[in-house]
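Residue numbers (full-length UniProt numbering), protein chains in the order written: chain A, 1 to 202; chain B, 1 to 202; chain C, 1 to 202. Just so you know, even glycine gets a beta-carbon here, dropped at the ideal spot from N, CA and C. Right, one structure below, let's go through it.
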Amino acid sequence: MVDAFSVMNLVGLVAFAVVGALKAADADLDLFGVAVLGILTALGGGTMRDVLVGRTPASLQSVADVSVAFVGVGLAVALSSLVSGRLRDHPAIQLPDAIGLAAFAATGALVGAEAGLSPYGVVVLATLTAVGGGSLADLLLTRVPVVLREDFYATPALLGGVVFWALVRGGLSADFAAVACAVFVLVVRLVALRRDWSLPRV
Amino acid sequence: MVDAFSVMNLVGLVAFAVVGALKAADADLDLFGVAVLGILTALGGGTMRDVLVGRTPASLQSVADVSVAFVGVGLAVALSSLVSGRLRDHPAIQLPDAIGLAAFAATGALVGAEAGLSPYGVVVLATLTAVGGGSLADLLLTRVPVVLREDFYATPALLGGVVFWALVRGGLSADFAAVACAVFVLVVRLVALRRDWSLPRV
Amino acid sequence: MVDAFSVMNLVGLVAFAVVGALKAADADLDLFGVAVLGILTALGGGTMRDVLVGRTPASLQSVADVSVAFVGVGLAVALSSLVSGRLRDHPAIQLPDAIGLAAFAATGALVGAEAGLSPYGVVVLATLTAVGGGSLADLLLTRVPVVLREDFYATPALLGGVVFWALVRGGLSADFAAVACAVFVLVVRLVALRRDWSLPRV
Numbered sequence: 001m002v003d004a005f006s007v008m009n010l011v012g013l014v015a016f017a018v019v020g021a022l023k024a025a026d027a028d029l030d031l032f033g034v035a036v037l038g039i040l041t042a043l044g045g046g047t048m049r050d051v052l053v054g055r056t057p058a059s060l061q062s063v064a065d066v067s068v069a070f071v072g073v074g075l076a077v078a079l080s081s082l083v084s085g086r087l088r089d090h091p092a093i094q095l096p097d098a099i100g101l102a103a104f105a106a107t108g109a110l111v112g113a114e115a116g117l118s119p120y121g122v123v124v125l126a127t128l129t130a131v132g133g134g135s136l137a138d139l140l141l142t143r144v145p146v147v148l149r150e151d152f153y154a155t156p157a158l159l160g161g162v163v164f165w166a167l168v169r170g171g172l173s174a175d176f177a178a179v180a181c182a183v184f185v186l187v188v189r190l191v192a193l194r195r196d197w198s199l200p201r202v
Numbered sequence: 001m002v003d004a005f006s007v008m009n010l011v012g013l014v015a016f017a018v019v020g021a022l023k024a025a026d027a028d029l030d031l032f033g034v035a036v037l038g039i040l041t042a043l044g045g046g047t048m049r050d051v052l053v054g055r056t057p058a059s060l061q062s063v064a065d066v067s068v069a070f071v072g073v074g075l076a077v078a079l080s081s082l083v084s085g086r087l088r089d090h091p092a093i094q095l096p097d098a099i100g101l102a103a104f105a106a107t108g109a110l111v112g113a114e115a116g117l118s119p120y121g122v123v124v125l126a127t128l129t130a131v132g133g134g135s136l137a138d139l140l141l142t143r144v145p146v147v148l149r150e151d152f153y154a155t156p157a158l159l160g161g162v163v164f165w166a167l168v169r170g171g172l173s174a175d176f177a178a179v180a181c182a183v184f185v186l187v188v189r190l191v192a193l194r195r196d197w198s199l200p201r202v
Numbered sequence: 001m002v003d004a005f006s007v008m009n010l011v012g013l014v015a016f017a018v019v020g021a022l023k024a025a026d027a028d029l030d031l032f033g034v035a036v037l038g039i040l041t042a043l044g045g046g047t048m049r050d051v052l053v054g055r056t057p058a059s060l061q062s063v064a065d066v067s068v069a070f071v072g073v074g075l076a077v078a079l080s081s082l083v084s085g086r087l088r089d090h091p092a093i094q095l096p097d098a099i100g101l102a103a104f105a106a107t108g109a110l111v112g113a114e115a116g117l118s119p120y121g122v123v124v125l126a127t128l129t130a131v132g133g134g135s136l137a138d139l140l141l142t143r144v145p146v147v148l149r150e151d152f153y154a155t156p157a158l159l160g161g162v163v164f165w166a167l168v169r170g171g172l173s174a175d176f177a178a179v180a181c182a183v184f185v186l187v188v189r190l191v192a193l194r195r196d197w198s199l200p201r202v
């Protein structure tokens with residue numbers, strides 16, 4: 001189980017970095033900006049999560065995660081000159097991106113539970129870990145984060161946090177709950193993409 | 001005195017959440033966005049304060065504060081379909097909002113003093129706790145925070161931080177200074193609203 | 001060596017505060033906004049650095065740094081009514097600004113090494129300390145941070161972080177490496193200004 005989880009995390013880091021770097025290239029940033037937005041999309045959510053619970057961010061301590069994100073940036077730079085059109089809406093991006101959403105939500109919920117947060121805190125950390133990096137990238141491009149506007153993207157992560165909490169509360173181990181959370185988020189996100197779900201407005 | 005303070009804090013949480021959620025609904029965010037902006041306006045300032053002094057944010061640990069903020073979000077959703085026009089400029093919002101400003105500035109100054117910050121640090125924490133949540137919400141909507149542009153809104157909180165520091169420096173207890181700070185902020189903010197005060201430009 | 005370093009840091013604080021306050025005055029913020037953007041440009045990078053490694057921010061604990069930044073804000077307010085045109089492109093701003101970039105990058109690298117971060121972490125902290133405050137100020141004005149778009153400004157700081165890390169890795173003392181890093185950043189930034197360097201786009 002742990003191995004599947006690590007793989008999901010790796011896939012997510014690459015996919016998020018690709019998405020962030022492509023977004024930056026579309027916005028005509030220079031190479032530094034493209035790299036920053038790729039890295040930030042991949043690692044920003046986890047960094048905010050760690051800062052909130054008082055940990056030194058894993059992203060600043062490990063070499064592996066940043067290196068993996070750089071692979072994503074490199075892929076995006078290579079791809080952006082090969083293909084035209086909105087690459088981000090392509091299934092080849094959307095599937096690994098959904099895998100990343102699922103893995104990051106599960107990690108966030110785990111860290112929240114380990115830090116002894118309230119149920120709300122666990123759900124917030126699951127959601128923030130999953131969508132925080134992309135939202136930071138949107139902010140740096142002075143865009144309203146897309147998750148606040150219309151996408152059914154943060155909602156699966158949030159519900160995944162609720163599932164995690166309910167399972168732990170019900171007596172299951174945190175590791176099992178994390179795997180169930182990730183599977184749940186992945187399925188809901190893929191169904192939402194397929195059915196074009198969105199939330200109502202007020 | 002402590003009871004009055006808790007009541008002020010509760011009133012502030014609800015009022016800030018209403019203001020943030022209405023802002024999001026005006027900007028045509030979806031339901032997730034409306035909830036996020038309401039919660040963030042209510043709890044964002046305190047969360048930044050806690051992160052800056054190295055505490056795990058109270059907002060992630062207690063259930064009560066988020067629940068109270070959700071009441072504000074619910075109120076805003078209910079109200080926004082009932083009333084038209086700019087609800088935020090209505091006295092029914094402005095008074096509880098001023099009470100929140102006062103309570104949050106006092107809490108920020110207290111936390112700053114407890115953390116052994118410099119006088120500047122105490123004033124910064126009073127101001128940030130009071131206006132940080134609303135400014136974060138403005139940023140997420142890609143607006144220049146209104147407190148930086150024209151409102152006489154951050155200034156009462158900042159002056160309240162100075163009052164707090166001067167009283168503690170003068171030998172009074174931090175608890176008394178916090179109450180005096182809150183009363184001072186509330187009075188200055190209400191007078192500013194009444195007289196339409198603003199700061200000069202450069 | 002330490003004395004030269006302190007002087008560079010002081011020069012940087014004043015220059016960054018001047019740049020931030022002028023930016024705010026240009027954007028027609030009120031006096032509070034001008035002060036906030038000046039202080040934030042000077043101290044925001046160091047504050048983010050300290051939060052990331054779990055320190056209480058030096059900016060909230062020491063009186064000296066904020067006082068020095070206030071001098072910069074005062075200078076900017078005085079200058080903005082005396083001169084017209086884009087003061088920020090004047091060598092009288094660009095030289096002290098480059099000195100600040102160099103001093104802040106070196107401080108960031110030092111703090112990163114002390115906190116036991118990975119090589120990436122050291123480079124990130126050098127860059128963030130140097131350009132984080134100005135980028136926060138840009139964000140508050142809802143502008144894409146200029147360092148992400150076109151300026152050869154973050155790159156010298158980033159390369160300075162690499163130089164620092166390579167020297168420490170090569171067995172030199174962190175203090176010596178910090179001085180070398182600062183000299184390197186200053187020289188590269190001044191050459192970049194002179195030659196009008198920029199990074200390629202993707």
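Legend entry - Residue-chain proximity (G121(A), chain B), Cβ-Cβ < 8 angstroms: So, interface residue.
Legend entry - V184(A) and V163(A) closer than 8 angstroms at C-beta: The sequence given here has Phe at residue 184(A), not Val. It is a contact, given that the beta carbons lie within the stated cut-off.
Inset, instruction - Using a Cβ-Cβ cut-off of 8 angstroms, state whether S198(A) counts as contacting chain B. - result: For S198(A), the answer is yes, since a Cβ of chain B falls inside 8 angstroms of its Cβ.
Inset, instruction - Select from the UniProt domain "Glycine transporter" (96-167) of chain C all residues with a C-beta closer than 7 angstroms to any C-beta belonging to chain B, and list them in chain order. - result: L139, L140, L141 and T142
Inset, instruction - Could you check if A176(B) is buried or exposed, using at least 16 other CB atoms within 10 Å of its CB as the buried criterion? - result: Contrary to the premise, residue 176(B) reads as Phe rather than Ala in this sequence. So F176(B) ends up on the exposed side.
Inset, instruction - Determine the direct distance from the alpha carbon of A178(C) to that of G161(C), and round the result to whole angstroms. - result: 9 angstroms
Inset, instruction - Work out the CA separation of V19(B) and I93(B) for me, nearest whole Å. - result: 8 angstroms
Legend entry - DSSP-derived helix/strand/coil call for R201(C): strand
Inset, instruction - Please name the residue, chosen from L167(C), T127(C) and V66(C), that lies closest to G33(A) on a Cα-to-Cα basis. - result: Checking every option, the nearest Cα to that of G33(A) belongs to T127(C).
Inset, instruction - Determine the DSSP secondary structure at D65(B), reduced to helix, strand or coil. - result: helix
Inset, instruction - List the residues of chain B whose Cβ lies closer than 7 angstroms to the Cβ of Q94(C), in chain order. - result: Near Q94(C) there are no residues of chain B at all, since even the closest Cβ is about 21 angstroms away, more than 7 angstroms.
Legend entry - Option nearest L75(C) by Cα separation, candidates R194(C), V188(C), P156(C) and A15(C): A15(C)
Inset, instruction - Report the rounded CA-to-CA distance for residue 221(B) versus I39(C), giving the unit in angstroms. - result: Not covered by the structure: residue 221(B). The range shown for chain B is 1 to 202.
Inset, instruction - Assign L172(A) to buried or exposed, taking buried as 16 or more other Cβ atoms, counted over all protein chains shown, within 10 Å of its Cβ. - result: exposed
Legend entry - Sequence-distant residues of its chain with Cβ nearer than 6 angstroms to L24(B) (five each side left out): Reading off the sequence, residue 24(B) comes out as Ala, not Leu. Hits under 6 angstroms: G33, V34 and L37.
Legend entry - Under 8 angstroms (Cβ pairs) to chain C, residues found in the UniProt domain "Glycine transporter" (7-79) of chain B: V51, L52, V53 and G54
Inset, instruction - Can you tell me which of R55(B), G72(B) and D151(B) puts its alpha carbon nearest to the alpha carbon of T41(B)? - result: G72(B)
Inset, instruction - Rank L60(B), T47(B) and L82(B) by C-alpha distance to the C-alpha of L22(B) and give the top, closest one. - result: L82(B)
Inset, instruction - Could you have a look at D151(C) and say whether DSSP puts it in helix, strand or coil? - result: coil
Legend entry - Extent of the continuous alpha helix (DSSP H) to which R189(B) belongs: A174 to R195
Legend entry - Selection from A58(C), A4(C), V123(C) and R189(C) that minimises the alpha carbon distance to P91(C): R189(C)
Legend entry - First through last residue of the alpha helix (DSSP H) which encompasses A106(A): P91 to E114
Inset, instruction - Below 8 angstroms CB to CB, which residues in the same chain sit around V147(B) once its five sequence neighbours on both sides are set aside? - result: V131, G134, S135, Y153 and A154
Inset, instruction - Give the DSSP bridge partners of D30(C), in chain order. - result: R201(B)
Inset, instruction - Please state whether DSSP places R143(B) in a helix, a strand or coil. - result: In the displayed model, R143(B) falls within coil according to three-state DSSP, outside both helix and strand.
Legend entry - Residue environment, P200(C), which counts as buried when at least 16 other CB atoms sit within 10 Å: exposed
Inset, instruction - Determine the direct distance from the alpha carbon of D89(B) to that of L141(B), and round the result to whole angstroms. - result: 19 angstroms
Legend entry - Segment contact, 8 angstroms Cβ cut-off, at least three pairs: the segment 55-63 of chain B with the segment 47-56 of chain A: Three or more beta-carbon pairs drawn from the segment 55-63 of chain B and the segment 47-56 of chain A are found closer than 8 angstroms, and the two stretches are therefore classed as touching.
Inset, instruction - Below 8 angstroms on the Cβ atoms is my guess for A69(B) versus N9(B); work out the distance and round it to an integer in Å. - result: Actually they do not touch by this definition, with Cβ atoms about 12 angstroms apart.
Legend entry - Top-ranked residue by Cα proximity to R149(A), from G108(A), W197(A) and L31(A): W197(A)
Inset, instruction - Kindly list, in the order they appear in chain B, the residues whose Cβ is closer than 7 angstroms to that of V202(A). - result: A25, L31, V34, V77 and S80
Legend entry - Other residues of its chain near L186(A): CB distance less than 7 angstroms, five sequence neighbours each side excluded: A98, I99 and A102
Legend entry - Alpha carbon of L125(B) to alpha carbon of E114(B), nearest angstrom: 11 angstroms
Inset, instruction - Go through its chain and collect everything with a Cβ distance to P145(B)'s Cβ below 8 angstroms, but skip five positions before and after it. - result: V131, G134, S135, D138 and L139
Legend entry - With 16 other Cβ atoms within 10 Å as the buried cut-off, status of D3(A): exposed
Inset, instruction - Measure how close the beta-carbons of Y120(B) and V66(C) come, nearest whole angstrom, since I'm counting them as under 8 angstroms. - result: So it is a contact: roughly 4 angstroms between Cβ atoms.
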